[in-house]
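Protein chains in written order, with the UniProt record's numbering: chain A, 1 to 275; chain B, 1 to 275. Structure first, then comments.
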């Protein structure tokens with residue numbers, strides 16, 4: 001018998017992976033949560049049947065969502081991750097020597113607990129002494145903290161269901177207020193190939209709030225189309241002006257100083273989205 | 001009833017697309033050839049059940065395989081495409097004003113004929129007056145022509161079955177001899193995420209023959225992992241030294257002068273492949 005897991009990434013497109021076994025499956029207060037072991041990508045975290053991260057390619061997403069804003073900022077001391085209960089973004093954040101505190105605010109306690117059990121290589125820094133884990137609503141947390149963080153990372157699920165509010169202009173406004181006067185936020189904002197309307201709208205919203213708005217991309221095999229983007233809003237520092245020669249060599253598999261620059265260079269069709 | 005076409009991109013990974021109808025299907029002298037109409041990517045050309053090109057995302061592959069070498073060369077007049085019977089690479093080549101002649105050498109006459117019938121937006125330049133279409137073995141053609149082309153594009157299927165010889169060092173040696181003294185060739189060389197051994201071997205082979213060897217990448221949703229690479233061997237011109245400010249604006253959707261530079265900037269794990 002062969003088992004294949006299929007995610008329908010759009011109503012007319014799917015990715016299908018041969019599966020060794022289901023390691024965990026439950027219905028949490030918020031969503032269906034599962035960890036399966038696939039042949040191609042190893043262990044894979046699923047929320048409502050959608051691939052969140054896999055041990056084979058998680059490095060791309062987590063390195064790119066964390067190091068690009070952290071190295072754009074001159075001296076980040078305090079960072080917040082909204083969502084990201086698997087801990088991958090936190091793991092990358094604590095690699096930065098200047099970081100004194102990293103807060104994770106994840107709404108679903110079970111995502112954290114299951115990641116700790118089944119994805120130790122991703123969640124490994126959640127017990128780091130610099131890390132505070134808050135189980136709660138990220139929108140509420142952001143609204144209750146003002147002028148506090150150097151970097152905020154919106155490490156959310158897709159903009160349907162529980163994460164919808166994390167893609168709204170009201171939330172970006174709260175993020176602005178939650179950042180210090182030279183703060184930077186980054187949000188994962190889906191695929192430039194198939195989420196054009198969403199990205200165009202987000203860019204417009206962020207531009208209306210932040211003096212510097214940028215879009216950057218990377219290659220993630222298990223996400224729809226394999227091509228993914230992040231939107232950055234920055235109060236002071238421009239990632240295009242980062243002195244990449246000053247970026248220290250850190251332990252990464254995708255991110256490097258040259259990629260810090262190249263990730264912002266968009267193909268023509270994607271440049272149209274940020275006009 | 002719903003019809004879904006699934007390509008198994010590896011033994012443990014597949015892409016699946018909802019399909020409106022099969023427009024064409026036949027067994028040619030060389031392979032199974034089909035054109036299907038999918039909801040997500042429109043018309044799609046399949047050879048032996050493997051996606052070759054789709055009307056939705058073909059622009060990435062064809063622009064990147066053609067314009068990068070053509071704009072690296074200072075004054076390309078004569079270009080050869082080995083394979084590429086759909087005509088997409090030829091369509092891009094004839095956009096260059098300096099091109100006087102473009103030869104297509106495709107082994108399977110039916111690929112050309114079926115592309116002309118079902119993929120007119122891709123094959124549209126095959127009847128251009130600058131284009132010569134040769135139905136024949138690309139290896140034989142290259143071996144019989146010496147010191148003749150400015151740019152050679154190896155627009156092949158995967159390195160199994162009929163195209164295997166197009167990934168061999170003997171063929172690259174013949175390509176070297178077929179190029180003029182300042183010639184450049186580019187070959188499609190699969191995915192940096194899952195074809196690491198192949199790419200490492202090709203880079204080593206090309207380095208042993210050409211003074212300048214480069215790897216560049218782009219994002220192609222319908223190819224395995226969505227992240228694709230091309231290997232360039234050049235006798236004189238280095239694409240990293242192209243004066244990108246001198247590149248004229250041409251009608252493209254992915255390629256642009258900035259991408260000409262950025263495509264060669266590789267994430268850390270891919271840089272390992274070319275060491």
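Glycine included, C-beta positions come from ideal geometry on N, C-alpha and C. None of the values given here were measured: they were computed from a predicted structure.
28(B) is the residue among 14(B), 15(B), 22(B), 28(B) whose C-alpha sits nearest the C-alpha of residue 162(B). Sequence-distant partners of residue 18(B) (beyond 5 residues in either direction) whose C-beta falls short of 6 Å from its own C-beta, in its chain, are 4, 39. Taking a Cβ-Cβ cut-off of 7 Å, residue 188(B) has no neighbours in chain A, whose nearest Cβ is about 16 Å from it. Scanning the segment 221-257 of chain A from its first residue to its last, no whole alpha helix (DSSP H) run of 4-plus residues comes out. With a threshold of 8 Å between beta carbons, residue 265(B) makes contact with chain A. The beta carbon of residue 41(A) lies closer than 8 Å to those of 17, 54, 55, 56, 57, 221, 222 in the same chain, with the five residues before and after it left out. In this structure the segment 122-131 of chain A does not lie against the segment 151-160 of chain A, because fewer than three pairs of beta carbons, one per stretch, are closer than 8 Å. For residue 269(B), the residues of chain A that pass the 7 Å Cβ criterion are 253, 254, in the order they occur in the chain. Residue 24(B) is bridged by DSSP to 35(B).
Counting along the chain, residue 105(B) sits inside the beta strand (DSSP E) bounded by residues 101-106.
Under the 8 Å criterion on CB atoms, residue 221(A) is classed as interfacial with respect to chain B. Note that the C-beta distance between residue 227(B) and residue 193(B) is below 8 Å. With 16 or more other CB atoms across the displayed protein chains lying within 10 angstroms of its CB, residue 63(A) is buried.
In terms of beta-carbon proximity, residue 200(B) stays away from the interface with chain A, with every pair separated by 8 Å or more. In chain order, 59 place their CB closer than 6 Å to the CB of residue 253(B), counting only its own chain and leaving out the 5 sequence neighbours on each side. Shortest Cα-Cα distance from residue 140(A) to any of 160(A), 174(A), 78(A), 167(A) involves 174(A). Residue 247(A) and residue 71(A) have their C-alpha atoms roughly 7 Å apart. For residue 22(B), not one C-beta of chain A is nearer than 8 Å to its own C-beta. Interface flag for residue 14(B) against chain A is set, since a Cβ pair is found closer than 8 Å. In the same chain as residue 255(A), and ignoring 5 residues on each side of it, the C-beta atoms closer than 8 Å to its own belong to 63, 64, 67, 68, in chain order. When the Cα atoms are used, residue 88(B) and residue 242(B) turn out to be separated by approximately 24 Å. With respect to chain B, the C-beta atom of residue 236(A) has no partner C-beta closer than 8 Å. Taking a Cβ-Cβ threshold of 9 Å, the residues of chain B close to residue 259(A) are 265, 266, 267, 268, in chain order.
Inter-residue distance for residue 249(B) and residue 131(A) is about 49 Å (C-alpha atoms, whole angstroms). In summary, residue 156(A) is buried, with 16 or more beta-carbon neighbours lying within 10 Å of its beta-carbon over all protein chains present. With its beta carbon less than 8 Å from one in chain B, residue 40(A) belongs to the interface.
For the segment 169-194 of chain A, residues whose beta-carbon sits nearer than 7 Å to a beta-carbon of chain B comprise 193. Per the coordinates, the alpha-carbon of residue 79(A) lies some 18 Å from the alpha-carbon of residue 112(A).
Assigned with DSSP and collapsed to three states, residue 70(B) falls in helix. Contact annotation: residue 230(A) and residue 200(A) have beta-carbon atoms that are not nearer than 8 Å. Between residue 83(B) and residue 138(B), the C-beta spacing is below 8 Å.
DSSP places residue 158(B) in the coil class of the three-state scheme, outside both helix and strand. In the DSSP assignment, residue 138(B) falls within the alpha helix (DSSP H) that extends over 138-144. Proximity to residue 9(A) across 195(A), 1(A), 212(A), 170(A) peaks at 195(A), based on C-alpha coordinates. Ranked by Cα distance from residue 234(B), the first of 191(B), 143(B), 172(B) is 172(B). For a Cβ distance threshold of 8 Å, nothing in chain B lies close to residue 88(A): the least Cβ distance comes to about 16 Å.
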